[in-house]
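Encoded as structure tokens, the structure appears first; notes follow it.
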Amino acid sequence: MSNSNIMRGTMMLTGANFLSKVLGILYVIPFYALVGETGGALFQYAYTPYMIFISIATLGIPLAMSKFVSKYHALGDYQTKEAMFKSGMLLMLVMGVVCFLIMFFTAGLLANFVVPSEQLSNSVEDVKFVIQMVSFALIVIPPMSLVRGYFQGHESMGPTAVSVVVEQVVRIVFLLAAAYMVLHVFQGTVSLAVGLATFAAFVGALASAVILAGYYKRRKPYIDEELATVAGEDPKLSKKQMYIEMLTYAGPFILVGIATPLYQFVDTLTFNRAMTSIGQGEMSEELLSVIVLYGHKLAIIPVTIATGLALAVLPAITRAFTEDNPKQYNSYINQALLIIFLLILPAVVGLSLLSDQAYGTFYSIDSISYAGPLLGYYAPIALFFALFTVTAAILQGLNKQNFAVISLAIGLFVKITFNMPLITQFGATGAVLATGLAVGSASILNLIVIYRVTRFDLKALTKKLLLIIILAIVMGAIVVLVRSSVGLLFDELSKMMVFTQLVTSVVIGGYVYLWLAYKTTLLERLLGERVKKISKIFI
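Here the sequence shown is numbered in the numbering used here, starting from 4 and rising by one per residue.
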């Protein structure tokens, strides 16, 4: 395949993944309108453990399959490649069914941990039901993901890109339609609506599997032609050797991909219990939904954009490190880290200052009194989540990926250790502080190891970072001024008021920040020539 085709396929897959993430963020707005905060908490009770089970069921093998297929296809060893694919499919089917059975039949046990008291709006039976409903997706997703890896190993990104978007669209349409029908047509319960909403994961995965099956059927003749050229030959590796190589590729990064669900799972198990112990059980689920679902989705928007840009330089870091070119990989590391701060720091400052307006605009003004301040505390943690993701990826490029697992384990230990004591001391804010300590600790540890390996230019990084902080402070002052000025135009709190405050403050504050970053040449130094395409708006 030509380089242009590879690049086009990679861009297509990147775009599909980005679109899928954006849709995954935006659907919670109508979902909130349907099920509210207690329904959101119920949804997350199922989805957080589900994401962890998905990681266990797949073991990182779909990604490893991509590397395995790419290697043996290039070597012309088609027998080994196809033997591993068939064996991997069987393994993924077995793992999927086993994890489904475990999750389905332990749902009641998990529900009892999550709901420690009858003060909560959701019952043990409600939680058990939604966990069991989402568990069905585990049967389909592992083998479906393996097929995606198989196509990507052939440098064919189209099937994965199309299936990713179809899966997300079908899931969201089914989720919202089912919830609406249950609540507004059949006058059913919120627990049934949320149960069907979690079952949407199975429906979306099934749609994706159908798409991939269609692609595979069309390409099967070409696969058979390849195998015909090596007819009579046996695979050059035994099954044991194949699996050892696959697991080597999968490596320790299996856990890093589910860092956020792991932190959220700690909250799922401990938050309600801790809040009940201090007499705040009646509001526990509403506050939990802000932390793990509704507020998290708002805070994660800039992370999705910034990490995509920062990770784009990862291949360059890997190549420069492999070629032992310190000047280049140090420059790329600085660039990746500064992109995170450049884009996310002003975003989290803005979201912290406009937390009431953001929550009121996207969800409900009735919840602003408790959800707004909590979102304001949670917003800065987005910076740590982005920093951990990028530093873990840099460690992978430096062949130090094992340490990312160590730092994640330390972060989880911090979260588990401090979560209940901080909640007991500070209420719901304590859970946010514990997450900040945990993810911040893991990120700092990653940075220390990266510095020890590369000795990147810390002085240059600090100098530019200081400039970014100054620009973010200026922007924050303008946001506060605009927010207050717009608020004077309204007599009382309303949806229109918070919406107007949010849009006006974001547009003016964001423009001033970008204008200052452009005039100080910071934008061009970090984002390169692409900045010139939008330079006219700063003149």
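Here a beta-carbon is modelled for each residue, glycine too, at the ideal position from N, C-alpha and C.
Just so we're clear, the structure is a prediction, and the values are computed from it rather than from any experiment.
For residue i, three-class secondary structure by DSSP
i    : result
V118 : coil
K462 : helix
N20  : helix
Q155 : helix
N328 : coil
G430 : coil
N337 : helix
F502 : helix
E495 : coil
I303 : coil
N275 : helix
Y366 : coil
K220 : helix
T321 : helix
I28  : helix
K239 : coil
P383 : coil
N6   : Confidence at N6 is low in this model, with a pLDDT of 49, below 50, so its placement is unreliable and the value that follows should be read with caution. DSSP places N6 in helix when its eight states are reduced to three.
Q360 : helix
N449 : helix
I540 : helix
T1   : For residue 1 there is no data in the structure shown, the boundaries of the chain being 4 and 542.
G198 : helix
L517 : helix
I261 : coil
K522 : helix
T457 : helix
G191 : coil
G439 : helix
F139 : coil
Q283 : coil
Contacting residues, own chain, Cβ-Cβ under 8 Å from residue i (five flanking each side not counted)
i    : result
I413 : S444, A445 and L448
G43  : V31, F34, Y35, S292, L296 and Y297
L415 : L265, Y266, V269 and A441
T310 : I343, A389, T392 and V393
T523 : L470 and L474
I368 : L496, S497, K498 and V501
Boundaries of the alpha helix (DSSP H) in which residue i is found, first to last residue
i    : result
P65  : I64 to A77
Y297 : Note, Y297: premise wrong, no alpha helix (DSSP H); not H, not E.
L123 : Unbroken run through L123: none, as it is neither H nor E.
S58  : V31 to T61
P162 : G161 to Y183
L529 : L525 to L530
M106 : Y81 to F108
Contact set for residue i: own chain, Cβ-Cβ below 7 Å, skip 5 residues either direction
i    : result
G152 : P65, L66, M68 and S69
F268 : T51, P52 and I55
V100 : I142
Q283 : G430
T507 : V485 and V489
A361 : L301, L354, L378 and L505
G59  : The sequence shown places Ile at residue 59, rather than the Gly named in the question. Counting only Cβ-Cβ distances below 7 Å, and skipping sequence neighbours, we find C102.
S287 : L123, F274, N275, M278 and T279
I261 : M54, I55 and S58
T163 : L16, R151, F154 and Q155
F116 : L272
Neighbourhood of residue i by C-beta, 6 Å cutoff - its chain only, sequence neighbours within 5 removed
i    : result
G111 : K131
I481 : G512 and V515
E289 : E40
V150 : L215
M500 : F493
T364 : V501, F502 and L505
T307 : K24
A319 : Y335
Residue i beta carbon near the ligand GDP (any heavy atom closer than 7 Å)
i    : result
L301 : Absence of the ligand GDP is noted for the structure shown, with no ligands found whatsoever.
Within-8 Å CB hit, residue i to chain D
i    : result
P329 : Chain labels in this structure do not include chain D; a single protein chain is all it has.
### Task
Check whether the stretch 190-203 touches the stretch 131-140, counting contact only when three or more Cβ pairs, one atom from each stretch, lie closer than 8 Å.
yes
### Message
For the stretch 351-359 against the stretch 473-487, do three or more pairs of beta-carbon atoms, one drawn from each stretch, fall closer than 8 Å, so that the two count as touching?
### Response
yes
### Message
Three or more C-beta pairs under 8 Å: does that hold for the stretch 336-351 against the stretch 450-470?
### Response
yes
### Task
Specify whether the stretch 172-187 and the stretch 113-132 touch according to this definition: at least 3 beta carbon pairs, one from each stretch, less than 8 Å apart.
no
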